[in-house]
Amino acid sequence: MGGSAAGAVETLLRPETARVLEAANDPGSGSGAGNSGQSRLEARLGYGWPSFGGRYTTVPAIGVGLTEATREYIHSWRLAEAGSAGLVLGLDVEAVRLERVTGDAAPEHRLVLGLGWRREDATFEFRLEGSHLQPVSGNRAPEHRIGLTLTARW
0 MGGSAAGAVE TLLRPETARV LEAANDPGSG SGAGNSGQSR LEARLGYGWP
50 SFGGRYTTVP AIGVGLTEAT REYIHSWRLA EAGSAGLVLG LDVEAVRLER
100 VTGDAAPEHR LVLGLGWRRE DATFEFRLEG SHLQPVSGNR APEHRIGLTL
150 TARW
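Quick note: the sequence shown uses numbering that gives the first Met the number 0, first residue 0, plus one each step.
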C-alpha cells in the first residue's frame with residue numbers, strides 16, 4: 000500500500016490507509032474479498048506424474064477452504080498436456096463438501112467437471128464448467144450450473 004519500502008511503516012499508519020483497509024472489509028462496499036465481503040483462505044496439496052507416455056500430467060489434489068461462515072473439503076483431479084507450446088488442454092474433476100459453521104444447515108455437495116485451455120507462454124485460461132450441487136437435506140432441490148470462465152493473471 001503506497002510509498003517506498005523505507006517509508007512503509009509510516010504509510011501503513013496513515014489515517015487514509017486505515018480508511019481504505021476498512022472499506023475493503025466492509026461487506027456492503029463491494030470491494031472486499033469474495034462474493035459476500037468475507038476473506039477466504041484456501042490451501043491445496045497435489046502431486047503430478049506423467050501419464051499416457053509423458054504426453055499428459057495427472058495431478059490429484061486435496062484441499063480445504065475456510066471462511067468465517069463455511070468450511071469446504073476439496074478433492075480434485077486434473078489431467079493436462081505436458082510441455083506443449085501454445086494452447087494446453089486441461090480436464091478437471093472436483094468434488095467439494097461445503098459445511099456451514101453457524102446454524103443448522105445441512106452440508107452441501109458439489110461436483111464440478113471442467114474442460115479448458117490455457118497458454119503456456121501467457122497468463123490466461125479459458126474454461127467451460129458444469130456443476131451439480133446436491134444438498135444433503137431434502138428441503139432444497141439440487142442445482143445444475145454451466146459456466147464459462149476466462150481467467151487472466153498478471
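Just so it is clear, CB atoms sit at the ideal spot from N, CA and C, and this is done for glycine as well.
Fair warning: this is a prediction, and the values are worked out from it, not measured in the lab.
Would you report the Cα separation of residue i and residue j, rounded to the nearest angstrom?
i    : j    : result
R96  : Q37  : 19 Å
P59  : S50  : 12 Å
R99  : G146 : 24 Å
P134 : E41  : 22 Å
A151 : L88  : 16 Å
L111 : E93  : For the record, residue 111 in the displayed sequence is Val; it is not Leu. Each residue's alpha carbon lies about 5 Å from the other.
P106 : R117 : 33 Å
T69  : D103 : 12 Å
Give every residue of the same chain whose Cβ lies closer than 8 Å to the Cβ of residue i, excluding the five residues on either side of it in the sequence, and list them in chain order.
i    : result
A4   : Because the pLDDT of A4 is 47, which lies under 50, any placement of that residue in the model is unreliable, and the number read from its coordinates should be weighed accordingly. Around A4: no qualifying Cβ.
N65  : It should be pointed out that residue 65 corresponds to Leu in this sequence rather than to Asn. So the list reads R39, L40, E41 and E71, once near-sequence residues are dropped.
P141 : H131, L132, Q133 and P134
Ordered along the chain, which non-local residues of its own chain (more than five positions away) have a Cβ less than 6 Å from that of residue i?
i    : result
G113 : D91, R126 and E128
I73  : G62 and V95
E67  : Q37
H108 : R96 and Q133
Is residue i buried or exposed, if buried means 16 or more other CB atoms sit within 10 Å of its CB?
i    : result
R54  : exposed
G115 : buried
R144 : exposed
R43  : exposed
A79  : buried
R77  : buried
N34  : Per-residue confidence for N34 stands at a pLDDT of 47, beneath the threshold of 50, marking its modelled position as unreliable; no derived number is given.
Would you identify the three-state DSSP class for residue i, choosing helix, strand or coil?
i    : result
T150 : strand
T69  : strand
A79  : strand
A60  : strand
Going by the DSSP bridge assignment, what does residue i pair with across the sheet?
i    : result
Q133 : H108
S38  : DSSP, once it has assigned bridges, lists no residue as partnering S38.
T101 : Beta-bridge pairing links T101 to no other residue.
R126 : G115 and T148
G89  : A79 and G115
Identify, in the order they occur along the chain, each residue of the same chain with its Cβ nearer than 7 Å to the Cβ of residue i, setting aside the five sequence neighbours on each side.
i   : result
E81 : In the sequence as presented, Glu is not what sits at residue 81; that position holds Ala. The answer, listed in chain order, is P49, G53, R54, Y55 and T56.
G47 : T56, T57 and V58
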